[in-house]
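Residues in the sequence shown are numbered consecutively from 33, following the numbering used here.
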Amino acid sequence: MRWLLIFCCAVVALPVAGVLGSWLVMDAAALQVLQHQAATVLAGYALQSLWLMLGVAAGVGVLGVATAVAVALFQFPGRAVWEWALLLPLAMPAYVLAYAYTDALQFSGPVQVGLRAAFGWQGALWPDVRSLEGAIALFVLCLYPYVYLLTRAALGERAVHMMEAARLLGASLPRRVRTVALPLARPAVMAGVALALMETLADYGVGSYFGLGTFTTGIYRAWLSMNDSNAAAQLASILLVVVAVLLAFERRAQNRMRYAATRSGALHAGEAQPVALHGASAAAATLVCAVPVLLGFLLPAGWLGVMLWREATTSEMGLPLARFGAWAWSSFRLAGLAAVAATLLALALGFALRQRGSRLDAVLALGARTLSLGYALPGAVVAVGILLPVAWVQARWPGLGASALFTGTVAGVLFAYLVRFSAVALQTVEAGYTRVPLSIDETSRMLGAGRWRLFGRVHLPLLHRSALAAVLLVFVDTMKELPATLVLRPFGSDTLAVVAYNLARDERLAEASLPSLAIVAVGLVPVVLLARTMVRAANSTA
Numbered sequence: 033m034r035w036l037l038i039f040c041c042a043v044v045a046l047p048v049a050g051v052l053g054s055w056l057v058m059d060a061a062a063l064q065v066l067q068h069q070a071a072t073v074l075a076g077y078a079l080q081s082l083w084l085m086l087g088v089a090a091g092v093g094v095l096g097v098a099t100a101v102a103v104a105l106f107q108f109p110g111r112a113v114w115e116w117a118l119l120l121p122l123a124m125p126a127y128v129l130a131y132a133y134t135d136a137l138q139f140s141g142p143v144q145v146g147l148r149a150a151f152g153w154q155g156a157l158w159p160d161v162r163s164l165e166g167a168i169a170l171f172v173l174c175l176y177p178y179v180y181l182l183t184r185a186a187l188g189e190r191a192v193h194m195m196e197a198a199r200l201l202g203a204s205l206p207r208r209v210r211t212v213a214l215p216l217a218r219p220a221v222m223a224g225v226a227l228a229l230m231e232t233l234a235d236y237g238v239g240s241y242f243g244l245g246t247f248t249t250g251i252y253r254a255w256l257s258m259n260d261s262n263a264a265a266q267l268a269s270i271l272l273v274v275v276a277v278l279l280a281f282e283r284r285a286q287n288r289m290r291y292a293a294t295r296s297g298a299l300h301a302g303e304a305q306p307v308a309l310h311g312a313s314a315a316a317a318t319l320v321c322a323v324p325v326l327l328g329f330l331l332p333a334g335w336l337g338v339m340l341w342r343e344a345t346t347s348e349m350g351l352p353l354a355r356f357g358a359w360a361w362s363s364f365r366l367a368g369l370a371a372v373a374a375t376l377l378a379l380a381l382g383f384a385l386r387q388r389g390s391r392l393d394a395v396l397a398l399g400a401r402t403l404s405l406g407y408a409l410p411g412a413v414v415a416v417g418i419l420l421p422v423a424w425v426q427a428r429w430p431g432l433g434a435s436a437l438f439t440g441t442v443a444g445v446l447f448a449y450l451v452r453f454s455a456v457a458l459q460t461v462e463a464g465y466t467r468v469p470l471s472i473d474e475t476s477r478m479l480g481a482g483r484w485r486l487f488g489r490v491h492l493p494l495l496h497r498s499a500l501a502a503v504l505l506v507f508v509d510t511m512k513e514l515p516a517t518l519v520l521r522p523f524g525s526d527t528l529a530v531v532a533y534n535l536a537r538d539e540r541l542a543e544a545s546l547p548s549l550a551i552v553a554v555g556l557v558p559v560v561l562l563a564r565t566m567v568r569a570a571n572s573t574a
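Here's what the structure looks like:
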């Protein structure tokens, strides 16, 4: 079984090998392509990607820290509501946010038209939403919860009682926040910012819809528009290196968070309480929490509902419910298959890693860590990494029909989903296994249970919640995934994400509202479950 799991991990790592392997076949033609990129588009891609990353990093850092500080360190009216409501933008993909704000705020949109008619104003009332600055604002609104979640957890564990000690020593409230709380949360902020930047680099919907020249959009232009696989692979390898650096920073920050937590673990949160705010201070804290929820979820979700109503009541054809059913079935079918396959692989791998005594344990552990890297890979890199080896196999053995298998059926899409989201399932299953003591395994063996009976009769009943959570998380992530699906989907298998992108690209934003709202509705499920978990944790420590 270990050999089979090692083989599965190696197969999942093939896209990375495919991208990096493009440099091993560098010939004169490939070198010419690289020189042409360096002289024309490479600097532009790098500069725009850099500005996008800097803007998103600053924005999610400020907004995530501000909301986390307000909720974790202070008590004000409505705090219990904002504590979970600040998670709602996680359900809103950035490309859906882009569709809603573009329809509402563009020059010909109802907001500007209404204001010009009401006040007699002329021309554009604000800069175009479809710009680098607009993309930065949208990414900040939907990605700040990464920083908020980690920072809030760090502050809730350690900062309240240490701020109380600083107060007893005579420090003012601003000084306590600045010199005590924020330094404690620095590793959490770095980890959250790194996660947000990886999501930003993985995006294709916003960059393509806004006409930005980033590495991700450049990969698709090189592959689909220019039909140049070498250029696409080289751009993908550069993006892969950037993501690897961000992942290293995130892992380092997570390790620092664990180190800090162990040092302060002897202190208890119940020794001190958050600082109570009143009057203007309480109103300011409420405003800090309300603005990102309003702009990142409530207003765009409401506007999508308005667009849907407008399409249903004014369109001659009405809502395309029959086609929507086909799109939804395609999305649910692919997401369900990917979720079940990823969870089964994670359960098998988690069980094998729990067993000891084999010489292959180190190899298997390395395979599991390699599998965990998949979630950090952008969909563009995964797509290129799959198509390059497939093209090589097709050219060498045309009778095998590798291209037809991976581009003419759902096999290519499902493989891309496994590469990207198996790490989510594995993390969830491993978290479940941490709550199962090893003594249970030893007792079962003493009673004569073999491995399969141990797994089926003991582990599975204890892991059923973790397995269901893994299925749910992979399902939702797959429903929202756009770049790899856009390239690898077979004919007649458009998902809700692909349909929403295609309709928005054709300026049919009202029609794009139906699949967009469906994606948001599905994305709300894990957000609600996460909010319930946070409330239970807060009640148990109260």
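All C-beta atoms, glycine included, are put in the ideal place defined by N, C-alpha and C.
These figures come from a predicted structure and were not determined experimentally.
Residue span of the alpha helix (DSSP H) that contains residue i, given as start and end
i: Trp-335; result: 331-346
i: Glu-231; result: 214-234
i: Arg-540; result: Neither: Arg-540 is in no alpha helix (DSSP H) and is coded neither H nor E.
i: Gly-406; result: Counting along the chain, Gly-406 falls outside any alpha helix (DSSP H), and DSSP gives it neither H nor E.
i: Gly-382; result: 353-386
i: Gln-144; result: 142-151
i: Leu-157; result: Unbroken run through Leu-157: none, as it is neither H nor E.
i: Pro-515; result: 515-520
i: Phe-507; result: 492-512
i: Leu-129; result: 126-137
i: Arg-210; result: Where Arg-210 is concerned, there is no enclosing alpha helix (DSSP H), given that its DSSP letter is neither H nor E.
Residue i - partner residues in DSSP beta bridges
i: Gln-107; result: Ala-308
For residue i, three-class secondary structure by DSSP
i: Gly-482; result: coil
i: Val-442; result: coil
i: Val-44; result: helix
i: Met-258; result: coil
i: Gln-177; result: It is worth fixing the name first, because residue 177 is Pro in this sequence and not Gln. If DSSP states are grouped into helix, strand and coil, Pro-177 belongs with the helices.
i: Phe-523; result: coil
i: Leu-37; result: helix
i: Gly-243; result: coil
i: Thr-248; result: helix
i: Phe-453; result: helix
i: Ala-575; result: Nothing about residue 575 can be reported from this structure: the residues present for the chain run from 33 to 574 only.
i: Met-566; result: helix
i: Leu-118; result: coil
i: Trp-55; result: helix
i: Ala-203; result: coil
i: Ala-293; result: Residue placement at Ala-293 is flagged as unreliable, the pLDDT there being 47, under the threshold of 50; a coordinate-derived value is accordingly withheld.
i: Val-15; result: The question about residue 15 has no answer, for the chain in this structure spans 33 to 574.
i: Ser-163; result: coil
i: Pro-469; result: coil
i: Val-554; result: helix
i: Val-73; result: coil
8 Å CB neighbourhood of residue i in its chain, flanking five on each side removed
i: Gly-555; result: Leu-122, Ala-123, Met-124, Pro-125, Val-508, Met-511 and Lys-512
i: Ala-400; result: Cys-41, Leu-381, Leu-385 and Leu-458
i: Gly-368; result: Phe-507
i: Phe-39; result: none
i: Ala-427; result: none
i: Val-44; result: Thr-402, Leu-403, Gly-406, Leu-450, Val-451 and Ser-454
i: Val-559; result: Leu-119, Leu-120, Leu-122 and Ala-123
i: Pro-109; result: Ala-314 and Thr-318
i: Leu-446; result: Leu-366, Leu-369, Ala-370 and Ala-373
i: Ser-163; result: Phe-242
i: Val-73; result: Gly-245 and Gly-250
Residues of its chain near residue i, where Cβ-Cβ distance is below 7 Å and the 5 sequence neighbours each way are ignored
i: Ser-548; result: Val-128, Tyr-131, Leu-336 and Ala-532
i: Thr-246; result: Tyr-77, Gln-80, Ser-81, Leu-84 and Gly-239
i: Leu-205; result: Val-307
i: Arg-199; result: Arg-208
i: Pro-421; result: Leu-46 and Gly-50
i: Leu-173; result: Pro-121, Leu-129, Pro-324, Leu-327 and Gly-328
Cβ-based neighbour list, residue i, same chain, cut-off 6 Å, excluding 5 preceding and 5 following
i: Ala-104; result: Arg-184, Leu-187 and Gly-188
i: Leu-528; result: Trp-359, Ser-363, Pro-547, Ala-550 and Ile-551
i: Gln-144; result: Leu-157
Any non-hydrogen atom of the ligand ADP closer than 7 Å to residue i Cβ
i: Glu-474; result: With respect to small molecules bound, the structure shown includes none, and the ligand ADP cannot be examined in it.
**OP:** Give a yes or no on contact between the stretch 399-419 and the stretch 555-565, applying the rule of three or more CB pairs nearer than 8 Å.
**Re:** no
**OP:** State whether the stretch 491-499 contacts the stretch 459-473, with contact taken as three or more CB pairs (one from each stretch) at a distance under 8 Å.
**Re:** yes
**OP:** May I ask you to verify whether the stretch 159-179 touches the stretch 215-228, counting CB pairs closer than 8 Å and requiring at least 3?
**Re:** yes
Subject >> Segment contact, 8 Å Cβ cut-off, at least three pairs: the stretch 249-268 with the stretch 209-219 >> reply: no
**OP:** Would you be able to state if there are at least three C-beta pairs under 8 Å between the stretch 85-98 and the stretch 224-239?
**Re:** yes
Original post:
Would the stretch 62-70 and the stretch 262-271 be scored as touching if the rule is three or more Cβ pairs under 8 Å?
Top reply: yes
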